[in-house]
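Visitor:
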Amino acid sequence: MPPFKQIARRTTRHQIHESGEIIPEAMLNDEFSRMLILSNDYDGRRLIRFNFSSHEYKPITTFDPATVLIEGSIDYKQGEEPSLVAVFSEDVTLYDDETNEKAEEVPKLVRNQFNYSDKGLQTLDPRPRDRIMETEPPATASFSANSSPGTIYDAYINQNKKPVYGIETYPTTLNPNVNRLASVAERMVIQNLYDHLLQDFKYYEDPADDVRGHIGCLLPLWKFTSELTKYLSVTNLCWNPQYSDLFAVTFGSFTFSKEGEGAILLYSLKNPSYPTYCFPTDCAVMSVDIHRKFPNYVCAGFCDGGVALYNLCHNTRGPEKRSERGVHNMHIAQMQWDHNLTDNLLSFYSISPDGVIVKWTSVKNGLKHHVLVTLDISDFIETSITEMKAGIFGSGITFDFHATQKHLYLVGTEMGHAHICSRTHSAEALQTFDAHHSSIYKIAWNRFHPKVFITCSEDWTVKIWENVGIICKPLLVFELGSQVYDVEWAPFSSTVFAAVTANGEVILYDIAVDKNEPLCVQVVVFLKNTRIMHLAFNQVYPILLVGDDRGEVTCLKLSPNLRKGPKDKKLHVPTDKKDKDTLEITRLDDILATVREKSG
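Every letter in the sequence shown is one number past the one before it in the UniProt record's numbering, and letter 377, counting from 1, is 377.
1) Using C-beta distances below 7 Å, list every residue in its chain close to Asn538, excluding the 5 sequence neighbours before and after it, in chain order.
2) Taking 8 Å as the cut-off, does the segment 545-556 touch the segment 219-228 (at least 3 CB pairs, one atom from each stretch)?
3) Would you call the segment 349-361 and the segment 332-340 touching, i.e. three or more CB-CB distances under 8 Å?
4) Can you name the start and end residues of the alpha helix (DSSP H) that Ser183 belongs to?
5) With distance defined between alpha-carbon atoms, name the residue in Gly366, Ser422 and Phe254 nearest to Met330.
6) May I ask you to report which of helix, strand or coil DSSP gives Ser407?
7) Just verifying my parser: in three-state terms, what is the DSSP assignment at Gln522?
8) Helix or strand or just coil, what does DSSP make of Asp579?
9) Looking only at its own chain, which residues have a Cβ that is under 7 Å from the Cβ of Glu426, when we skip the five neighbours before and after it?
10) Starting from the C-beta of His55, find all residues in its chain whose C-beta is less than 7 Å away, skip the five residues before and the five after it, and write them out in chain order.
11) Count the CB pairs spanning the segment 508-520 and the segment 190-205 that are closer than 8 Å, and state whether there are at least three.
12) For Arg587, which residues from the same chain have a beta carbon less than 8 Å from its beta carbon, with the 5 sequence-adjacent residues on both sides left out?
13) Going by C-alpha to C-alpha distance, which of Asp581, Val178, Pro574 and Glu320 sits closest to His449?
14) Any idea what DSSP makes of Arg49, helix, strand or coil?
15) Looking only at its chain, what residues have a beta carbon closer than 8 Å to the beta carbon of His214, apart from the 5 residues adjacent to it on each side?
16) Applying the 10 Å Cβ sphere with the 16-neighbour rule, what's the burial state of Ala333?
17) Report yes if the CB atom of Leu367 is closer than 8 Å to the CB atom of Ser323, and no otherwise.
18) For Ile190, which residues of its own chain have a beta-carbon under 6 Å away from its beta-carbon, when the five flanking residues on both sides are left out?
19) Does DSSP put Leu375 in a helix, in a strand, or in coil?
20) Distance check for Trp489 and Leu410, CA to CA, integer angstroms please.
21) Closest by CA to Ala263, which one among Val285, Leu269, Tyr277 and Leu246?
22) His196 by DSSP, collapsed to three states: which one?
23) Do you know how far the Cα of Asn175 is from the Cα of Ala403?
24) How about Cys456 and Lys442: do their beta carbons lie closer than 8 Å?
25) Would you mind giving the Cβ-Cβ distance between Val452 and Ile464, rounded to the nearest angstrom? I have them listed as a contact below 8 Å.
26) Roughly how many angstroms separate the alpha carbons of Arg49 and Ile152, rounded to a whole number?
27) On a CA-only basis, which of Ile351, Thr575 and Asn467 is nearest Ala435? Give me that one, please.
28) What are the start and end residues of the alpha helix (DSSP H) that includes Glu25?
29) Would you list, in sequence order, the uninterrupted beta strand (DSSP E) runs of no fewer than 3 residues that lie entirely inside the segment 418-467?
30) Where does Gly150 fall in DSSP's three states?
31) Residue range of the beta strand (DSSP E) that Lys58 falls in?
32) Near Glu205, what residues of its chain come up, given a Cβ to Cβ distance below 6 Å and the 5 sequence neighbours on each side ignored?
33) Roughly how many whole angstroms lie between the Cα atoms of Lys578 and Glu584?
34) In chain order, what residues of the same chain lie with their CB nearer than 7 Å to the CB of Glu320, ignoring the 5 residues before and after it?
35) Quick one: residues in its chain with C-beta nearer than 7 Å to the C-beta of Pro149, no 5 flanking neighbours on either side, listed in chain order?
36) In the DSSP assignment, find the beta strand (DSSP E) that holds Pro280 and state where it starts and stops.
In structure tokens:
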């Protein structure tokens, strides 16, 4: 194909460039030739492109037949275009002589007609990308199936079988949150049912106290019973030191010749219908105590001489740790926590009628025991051989550690002896005296006075003692007319104590008001041959618990006359704890001083 030459002629006049420079006429007269040939020199570029189907780079074999040799720099603009006659003719001028304004206009370059595209159609060049940035296309698959009456029938049969298969695979245990929500719902229902008792517990005060003088009464509130302990006796009671609405009850039998099961139940005042925690045991549980600083730990003593440690935070029905057998040869009469942590290890004490007091320490592998003291029980063995043959030993062994003097503790025995012992002198007791004529069921320090303690016995008496010098006789003696199974000081006063008898009576004294007559004598159990075995004062609320030998626990509220506290010289009740403790000690000292003068 012959080359095509294009000759562009300029006018003889000078042209002005866009930059403002004048283009000379010689440059304008230069001829530029452009030739079109068949061969393409750009076919050997060997461009490659990534193929997603084969996951490899492949060369590009086909190209666009149009090749841009010289890119244009002039954009197309709609407007008046010069005619071909004006382009190729030298005689024709680009302005009219009659219009001076057109003559002064600067001529513009003609756009390239061979390679022109609108600006809106132009696209940006694709930027290069790494292979790791490119995502793989989603996988494709082909599916085909045949439809027939048989396949349709099988599909319906399998669809009906799926729900049955799903039910069988469900877990058999409930979510712990379900139990928690059920407990909350149960409490709401119980509080609505026993709303009248809640109102009495919170707000009711007996108006008869205004006309009875110093005499008071006990208001029955709730009764706690369970089918698990229907034929068992209440062997011990204990309030939780931090959660004032929670208390523990142990169940067993006082006839030790008959082996039977027992239980540890923890009730809450928010739900008296069912225990919050339940721990069934293989043998009778005789004693329980809850730690003061760690209220989730509960220690218990059993009829076979073993002890166990329970953790309320663990969702189990068994003990966390249990002792080995053979440390105690008889039943555990009482348990008490040691609130002084040794090497950050929990420890508690146990006492048994075999005369051994043992300290138990919770270690990693179990419970480690250490014999604190061994009492001389030769007189007990000689005089009670008939009782041992009958299998009745009683539950009269008791002890109590001092609140401030950590090394000092009291021990009461089956023979009516009381011992004042020390941890530093474990070989023998510091002092021994004849406290009662029969078994001592309870011995306890006063909650306020560091030298006063109280005892109760099977000989129908309650006695108040003072640990000063050699103890010869008690300061006060109270005849209650029946066996006294338990006695306890009140937490709100140093002069108030309560006792329970075999006649089913709760007797409450305030020696600051009357040293001879009780302020309240009330029968709580009305069934024949039913004895009240234990009682426990609440640390916060004016209530107390009593448990009988038929497995029933009763909650009683004290009337205002029974819970009067001391007042200062201005007849104001002190609010500060230290001031109140000092006033309680002074009050009790004044009362005991008058007793010493009368006794001579």
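We treat Cβ as the ideally placed atom computed from N, Cα and C, and that holds for glycine.
Guide: Per the coordinate set shown:
1) Correct list, in chain order: Trp239, Ser244 and Leu544.
2) Using a Cβ-Cβ distance cut-off of 8 Å, the segment 219-228 and the segment 545-556 are in contact, since at least three pairs of beta carbons, one from each stretch, lie closer than that value.
3) By the C-beta criterion, the segment 349-361 is judged to be in contact with the segment 332-340, since at least 3 inter-stretch pairs fall below 8 Å.
4) Run containing Ser183: Pro176 to Leu193, per the alpha helix (DSSP H) assignment.
5) Out of Gly366, Ser422 and Phe254, Phe254 has the C-alpha closest to the C-alpha of Met330.
6) It is worth fixing the name first, because residue 407 is His in this sequence and not Ser. His407 falls in the coil class under three-state DSSP.
7) Three-state DSSP puts Gln522 in a strand.
8) In the structure shown, Asp579 sits in a helix (DSSP, three-state: H, G or I).
9) Checking the sequence, you will find Ser at residue 426 rather than Glu. Closer than 7 Å at Cβ, skipping near neighbours: Leu372 and Val373.
10) Counting only Cβ-Cβ distances below 7 Å, and skipping sequence neighbours, we find nothing.
11) At 8 Å Cβ cutoff, the stretches do not touch.
12) Within the same chain, Cβ atoms closer than 8 Å to the Cβ of Arg587 are found at Ser494, Thr495, Ala512 and Pro566, the five residues on either side in sequence being excluded.
13) For the residues Asp581, Val178, Pro574 and Glu320, the minimum Cα distance to His449 belongs to Asp581.
14) The answer is strand: DSSP assigns Arg49 an E or B state.
15) So the qualifying residues of the chain are Asp510, Val513, Asp514, Leu519 and Asn561.
16) Result: buried.
17) Yes, these two residues count as a Cβ contact at 8 Å.
18) Excluding sequence neighbours, Ile190 sits near Asn271 and Ser273.
19) Coil.
20) Cα to Cα, Leu410 sits roughly 15 Å from Trp489.
21) Considering only alpha carbons, the answer is Val285.
22) In the structure shown, the three-state DSSP call for His196 is helix.
23) Approximately 43 Å between the Cα atoms of the pair.
24) For Cys456 and Lys442, yes; Cβs fall inside 8 Å.
25) Contact between Val452 and Ile464 holds, with the beta-carbon distance rounding to 7 Å and staying under 8 Å.
26) Near 49 Å, if we compare the C-alpha coordinates of Ile152 and Arg49.
27) Across the set Ile351, Thr575 and Asn467, the C-alpha of Asn467 shows the shortest separation from the C-alpha of Ala435.
28) Glu25 to Leu28 is the span of the alpha helix (DSSP H), which, as asked, contains Glu25.
29) As summarised for the segment 418-467, the continuous beta strand (DSSP E) elements at least 3 residues long and confined to that stretch are 431-434, 440-445, 452-457 and 461-466, given in chain order.
30) DSSP, reduced to helix, strand and coil, places Gly150 within a helical segment of the structure shown.
31) DSSP places Lys58 inside the beta strand (DSSP E), whose first and last residues are Glu56 to Pro59.
32) Taking Glu205 as the centre and dropping the five residues before and after it, the same chain places the C-beta of Pro560 closer than 6 Å to its C-beta, in chain order.
33) When rounded, the distance between both Cα atoms is 10 Å.
34) Excluding residues up to 5 positions away in sequence, Leu309, Tyr310, Asn311 and His314 lie with their Cβ nearer than 7 Å to the Cβ of Glu320 in the same chain.
35) Result list for Pro149: empty, nothing under 7 Å.
36) Unbroken beta strand (DSSP E) run through Pro280: Tyr277 to Thr281.
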